[in-house]
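S.K.: The numbers in the UniProt record's numbering rise by one with no breaks, and the one at position 3 of the sequence shown is 3. All C-beta atoms in this analysis are idealised placements derived from N, C-alpha and C, irrespective of residue type, glycine included.
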Amino acid sequence: MPCFPHPTKLVLTLHSASLLPGPAMRNVHAVVTSGDKTFQSNSFHPKTTSPIWEQAAFAFNVRAKTHLCIHVRVVGTKNLRKRGLGHFYLNFSNRRLSKQGTLALTCPLVGGCGGIVNMSIQILYEAHPIRDWAIREVTKDISTRRPCHSLLQCVAKGSIREDIFKNACGACFLALVLAHNERDDSFTAKELVRPASPCDPSPMSTLASDSTEDDNPHQRPSPRSTGSSSSPLIDDSSDSPSCPTIQAWMQAVYPQVNSASSDQYNNLVTSFSMCYQLVRQQLPVLVVVLQVCLLVNLVQFNRICQ
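So, in structure tokens, the structure goes:
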């Protein structure tokens, strides 16, 4: 039997809704919640009981998920007030998430004014040539090199990009490949606390994407040999401003690189704080001394005037 890859993405597309007879609503839109993330579709502005959405697609990463629960709420506006028109839940088991395909559904709305929502669900596998190649390189390596417990622990301090790729162990190499940005000469990572869990943003021009990575490539025990080619490029990385550069990444892993300058700064801050505390403690004494000096000068001035 052929071995099909595990799906990596679930795309939920809301097409239209048919509300029960009642007052028509404006700005009818859907609010989709999965886990701790909430997304909102575009609004159908005309006053109607049969809204149609053109761009109401939501993508969820299901690469390492065994269960997925999606809560969909339909909200409208009447007399400048938002009103809930109903909601429903979609529960996907591990068996359903492991099968690729497209499914058309009509779900009834529970609560509110009631009605139905027409939607389609697509579960698919996104091919990623660079990522798949890197995973194969790491998997087939039979080296007995000890893997790192933190990112880039296997690379010497101050290494350039080529040396990082050539000398990194398998887990670090895979993390760098997944986080590399084609539009920049530096590497990017999503988190400094867990730097080996890069996120895969959705390439769709839809509204939202759940890009939480449950599989950590840095936890793979199989390392990679040092005879690697030049750094590969991938075209599916995000240029979010929250992503630190490789310099900040390395500084978080090797904070001793700029220890001299940081020590000087810390000494300066410590000296300033000590001086401030000393002046603050001696301030009452200084006030008394100043008053005595003013009194002595005033007495001498009176004697001269007499």
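According to the neighbour-count rule (16 or more other Cβ atoms, all chains shown, within 10 Å of its Cβ), is F165 buried or exposed?
M.R.: By 1-based counting over the sequence shown, the position of residue 165 is 165. So F165 ends up on the buried side.
S.K.: Once the 5 residues before and after P23 are set aside, which same chain residues still bring their CB inside 7 angstroms of it?
M.R.: Position 23 of the sequence shown holds residue 23. Only K78 meet the Cβ criterion.
S.K.: Using the C-alpha atoms, what's the distance from F58 back to T38?
M.R.: As a working note, residue 38 is residue 38 in the sequence shown. As a working note, residue 58 is residue 58 in the sequence shown. If you take the alpha carbons of T38 and F58, they lie about 10 angstroms apart.
S.K.: Rounded to a whole number of angstroms, what is the C-alpha to C-alpha distance between I304 and V285?
M.R.: Translated into the one-based positions of the sequence shown, residue 304 becomes position 304. Translated into the one-based positions of the sequence shown, residue 285 becomes position 285. One C-alpha to the other measures close to 29 angstroms.
S.K.: Could you please give the first and the last residue of the uninterrupted beta strand (DSSP E) stretch that includes N61?
M.R.: Along the sequence shown, one-based indexing puts residue 61 at 61. Taken as a continuous stretch (DSSP letters only), the beta strand (DSSP E) holding N61 covers 57-61.
S.K.: If you draw a straight line from the C-alpha of T48 to the C-alpha of I70, how long is it?
M.R.: If you number the sequence shown from 1, residue 48 lands on position 48. If you number the sequence shown from 1, residue 70 lands on position 70. Their Cα atoms are separated by approximately 26 angstroms.
S.K.: Counting only the same chain and skipping the five closest in sequence on each side, list residues whose C-beta sits under 6 angstroms from that of N258.
M.R.: As a first step, residue 258 is located in the sequence shown; it is residue number 258 there, counting from the start. For N258, the predicted structure reports a pLDDT of 46, less than 50, and the residue's modelled location is therefore unreliable. The matter cannot be settled from this model.
S.K.: What are the boundary residues of the beta strand (DSSP E) that N94 is part of?
M.R.: Looking up residue 94 in the sequence shown gives position 94. Per DSSP, N94 belongs to no beta strand (DSSP E); it is in the alpha helix (DSSP H), 94-97.
S.K.: Does DSSP classify L290 as helix, strand or coil?
M.R.: Sequence index remark: in the sequence shown, residue 290 carries index 290 (1-based). Helix.
S.K.: Determine the direct distance from the alpha carbon of R81 to that of I123, and round the result to whole angstroms.
M.R.: Here residue 123 corresponds to residue number 123 of the sequence shown, with the count starting at 1. Here residue 81 corresponds to residue number 81 of the sequence shown, with the count starting at 1. Their Cα atoms are separated by approximately 36 angstroms.
S.K.: For H15 and S120, which I take to be in contact (beta-carbon distance under 8 angstroms), what is that distance rounded to the nearest angstrom?
M.R.: To locate residue 15, count along the sequence shown from 1; it is residue 15. To locate residue 120, count along the sequence shown from 1; it is residue 120. Indeed they touch by this definition, with Cβ atoms about 7 angstroms apart.
S.K.: Hey, could you find the ends of the beta strand (DSSP E) V155 is sitting in?
M.R.: In the sequence shown, counting from the first residue as 1, residue 155 sits at position 155. Where V155 is concerned, there is no enclosing beta strand (DSSP E), given that its DSSP letter is neither H nor E.
S.K.: Which residue or residues does DSSP assign as beta-bridge partners of G84?
M.R.: As a working mapping, residue 84 is identified with position 84 in the sequence shown. The partner list for G84 (beta bridge, DSSP) reads V75.
S.K.: Between the Cα of S41 and those of V74, R136, T66, spot the shortest distance and give me the residue it belongs to.
M.R.: Here residue 41 corresponds to residue number 41 of the sequence shown, with the count starting at 1. The residue with the shortest Cα to Cα distance from S41 is V74.
S.K.: So, helix, strand or coil for C275, using DSSP?
M.R.: Here residue 275 is taken as the residue at index 275 of the sequence shown, counted from 1. Three-state DSSP puts C275 in a helix.
S.K.: Once the 5 residues before and after S205 are set aside, which same chain residues still bring their CB inside 6 angstroms of it?
M.R.: Position 205 of the sequence shown, counted from the start, is the residue given in the question as residue 205. Legend: pLDDT at S205 = 33, less than 50; position of this residue unreliable, value from coordinates given subsequently. Contacts found: none.
S.K.: Let me know the secondary structure DSSP gives A24 once reduced to three states.
M.R.: Position 24 of the sequence shown, counted from the first residue, corresponds to residue 24. A24 falls in the coil class under three-state DSSP.
S.K.: Over the uninterrupted beta strand (DSSP E) stretch that includes V117, give me the two end residues.
M.R.: Your numbering for residue 117 matches position 117 in the sequence shown. Where V117 is concerned, the enclosing beta strand (DSSP E) stretches over 115-124.
S.K.: Could you give the distance in angstroms between the alpha-carbon of A127 and the alpha-carbon of L10?
M.R.: Counted from its first residue, the sequence shown places residue 127 at position 127. Counted from its first residue, the sequence shown places residue 10 at position 10. When the Cα atoms are used, A127 and L10 turn out to be separated by approximately 14 angstroms.
S.K.: Quick check: the Cα distance between N167 and H67, rounded to an integer number of angstroms?
M.R.: By 1-based counting over the sequence shown, the position of residue 167 is 167. By 1-based counting over the sequence shown, the position of residue 67 is 67. Going by the C-alpha atoms only, they are around 38 angstroms apart.
S.K.: Just the Cα atoms here: how many angstroms apart are R26 and S98?
M.R.: Here the question's residue 26 lines up with position 26 in the sequence shown. Here the question's residue 98 lines up with position 98 in the sequence shown. C-alpha separation (whole angstroms): 39 angstroms.
S.K.: Please report the Cβ distance between C113 and L12, rounded to the nearest whole angstrom; I am assuming they are in contact, meaning their Cβ atoms lie under 8 angstroms.
M.R.: For this step, residue 113 is matched to residue 113 along the sequence shown. For this step, residue 12 is matched to residue 12 along the sequence shown. Rounded to whole angstroms, the Cβ separation of C113 and L12 is 22 angstroms, and the two are not in contact under 8 angstroms.
S.K.: Determine whether the beta carbon atoms of T8 and R96 lie at a separation below 7 angstroms.
M.R.: In the sequence shown, the residue the question calls residue 8 occupies position 8. In the sequence shown, the residue the question calls residue 96 occupies position 96. Their beta carbons are not under 7 angstroms apart, which means T8 does not touch R96 by this criterion.
S.K.: Which first and last residues belong to the beta strand (DSSP E) in which Q40 is found?
M.R.: Here the question's residue 40 lines up with position 40 in the sequence shown. Where Q40 is concerned, the enclosing beta strand (DSSP E) stretches over 37-40.
S.K.: Once you ignore the five residues that flank A104 on each side, which residues in its own chain have a CB closer than 7 angstroms to its CB?
M.R.: Along the sequence shown, read from residue 1 onward, the residue named residue 104 stands at position 104. Closer than 7 angstroms at Cβ, skipping near neighbours: S120.
S.K.: Relative to the alpha-carbon of C169, which residue among C154, D163, S159 has its alpha-carbon at the smallest distance?
M.R.: Here residue 169 corresponds to residue number 169 of the sequence shown, with the count starting at 1. Per the Cα distances, C154.
S.K.: So for A64, helix, strand or coil by DSSP?
M.R.: Your numbering for residue 64 matches position 64 in the sequence shown. A64 falls in the coil class under three-state DSSP.
S.K.: What would DSSP say about T49, mapped onto helix, strand or coil?
M.R.: The count along the sequence shown starts at 1 and reaches residue 49 at position 49. If DSSP states are grouped into helix, strand and coil, T49 belongs with coil.
S.K.: Do the CB positions of V138 and L174 come within less than 7 angstroms of each other?
M.R.: Residue mapping note: residue 138 aligns to position 138 of the sequence shown, counting from 1. Residue mapping note: residue 174 aligns to position 174 of the sequence shown, counting from 1. Closer than 7 angstroms, so yes.
S.K.: Quickly, what does DSSP pair P7 with across the bridge? List them, please.
M.R.: Numbered from its first residue, the sequence shown carries residue 7 at position 7. According to DSSP, which records beta bridges pairwise, P7 is partnered with nothing at all.
S.K.: Among L85, T33, Q277, whose alpha-carbon lies nearest the alpha-carbon of residue 314?
M.R.: Nothing about residue 314 can be read from this structure; the chain reaches only from 1 to 306.
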